[in-house]
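Quick note: the sequence shown, position 51, residue 50 per numbering that gives the first Met the number 0, numbers continuous.
In what follows, a single structure is set out as C-alpha cells and then discussed.
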Amino acid sequence: MKPLKLALTAAALACLAVPAHASAIAQLKAFVAGSKTLSADFTQLVTNKGKREEASGRLEIARPGKFRWEYSKPYSQLIVGDGKTLWIYDQDLAQVTRKAQGAALGSSPAALLAGSNAIELDYRLNEAGKQGDVEWLTASPKKQDNTFSSVRMGFKGNMLVEMQLTDSFGNDTRVSFVKPQQNVVLPANRFAFIPPKGVDVVSGD
0 MKPLKLALTA AALACLAVPA HASAIAQLKA FVAGSKTLSA DFTQLVTNKG
50 KREEASGRLE IARPGKFRWE YSKPYSQLIV GDGKTLWIYD QDLAQVTRKA
100 QGAALGSSPA ALLAGSNAIE LDYRLNEAGK QGDVEWLTAS PKKQDNTFSS
150 VRMGFKGNML VEMQLTDSFG NDTRVSFVKP QQNVVLPANR FAFIPPKGVD
200 VVSGD
C-alpha cells in the first residue's frame with residue numbers, strides 16, 4: 000500500500016506554540032497549520048487475519064497536495080502526488096500506474112496528511128485519550144465510500160508520531176514516524192515524476 004523554498008515566519012512559529020499537554024485535536028490543528036513541509040522516515044506494519052507485512056521507507060510532504068512516499072524495504076515502490084496526478088512506480092514490476100490525484104486523496108496516509116484540511120472535511124474527529132505520553136484522536140469517515148473505515152492519530156510534543164488505519168478490506172495499518180522534520184526546504188523535483196524509459200504505464204482511473 001506510498002518544493003518549495005520557505006522561510007519560517009513569526010506567524011508559523013506561533014502556530015507551533017501549543018502547550019505540550021494540549022488535546023490531540025488541538026495538536027492536529029497546530030500540526031497542519033504549522034507544517035508547510037514535512038519529512039520523516041517511517042515504519043509500517045499491515046495485519047490481516049493473522050498475517051503480518053512489515054515495510055519501511057521515507058515520507059516527504061509539501062502542502063497543499065504534494066507528497067512523496069517511498070518504500071525501501073522489503074521492496075522498492077515509489078508513490079508521488081504532484082498535485083494533479085498520482086504516480087505509483089513498482090520498480091520490480093517495471094510498471095507505473097497513473098491516476099487522477101483528486102480521486103485518490105484519502106487513499107493513503109500520505110494523501111491524508113498532504114491536504115491542508117482534508118482530514119476535517121472527510122472525517123469526524125473525537126478525542127481518544129492518552130496512552131503513555133501520546134495523545135490520541137479517532138477520525139470517523141463522513142461518507143460510506145471512504146477508503147478507510149477508521150483512522151487513529153497519535154501526537155507527542157505537537158508532532159504526529161503514529162497513525163493507525165483500518166480499510167474496507169479489513170487491513171489494519173500502523174505507521175510510525177521516525178525523526179520527523181517540519182518546514183525543511185524540499186526541492187520541487189521531489190514531487191515530480193517522469194516514467195523511466197522501458198516501463199509500462201497504465202491508467203488506474
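Quick reminder that beta carbons are idealized off the backbone N, C-alpha and C, glycines included.
Integer-rounded CB distance, given that residue j should sit under 8 Å from residue i
i           : j           : result
residue 81  : residue 65  : 6 Å
residue 60  : residue 42  : Between residue 42 and residue 60 the Cβ distance is about 17 Å, and since that is not below 8 Å, they are no contact.
residue 164 : residue 149 : 7 Å
residue 100 : residue 85  : 4 Å
residue 202 : residue 51  : With a Cβ gap of about 32 Å, residue 202 and residue 51 do not count as contacting.
Cross-strand partners of residue i (DSSP beta bridge)
i           : result
residue 215 : A query on residue 215 cannot be resolved here, the shown segment of the chain reaching from 0 to 204 and no further.
residue 151 : 137, 163
residue 30  : BP columns for residue 30 are empty, so no partner.
residue 122 : 140
residue 181 : 37
residue 83  : BP columns for residue 83 are empty, so no partner.
residue 47  : 50
residue 95  : 88, 200
Counted within 10 angstroms of its Cβ, other Cβ atoms place residue i as buried (16 or more) or exposed
i           : result
residue 157 : buried
residue 56  : buried
residue 73  : exposed
residue 188 : exposed
residue 30  : buried
residue 79  : buried
residue 19  : Only weak support exists for where residue 19 lies, its pLDDT of 46 falling under 50; the coordinates are left without a value.
Helix, strand or coil at residue i according to DSSP, with G and I counted as helix
i           : result
residue 131 : coil
residue 208 : Absent from the structure is residue 208, since the part of the chain shown begins at 0 and ends at 204.
residue 193 : coil
residue 1   : Because residue 1 sits at a pLDDT of 38, beneath the cut-off of 50, its placement in the model cannot be relied upon, and the point is left open.
residue 90  : coil
residue 157 : coil
residue 74  : coil
residue 21  : coil
residue 16  : Residue confidence is low: residue 16 scores 34 on pLDDT, short of 50, so the model does not pin down where it sits. No coordinate-derived value is stated.
Closest Cα partner of residue i within the set the options
i           : options          : result
residue 136 : 70, 118, 76, 201 : 118
residue 67  : 94, 109, 179     : 109
residue 71  : 63, 58, 123      : 58
residue 122 : 132, 111, 130    : 111
residue 53  : 172, 190, 33     : 172
C-beta neighbour in chain C for residue i, strict 8 Å
i           : result
residue 132 : The question asks about chain C, but that chain is absent: this structure has only one protein chain.
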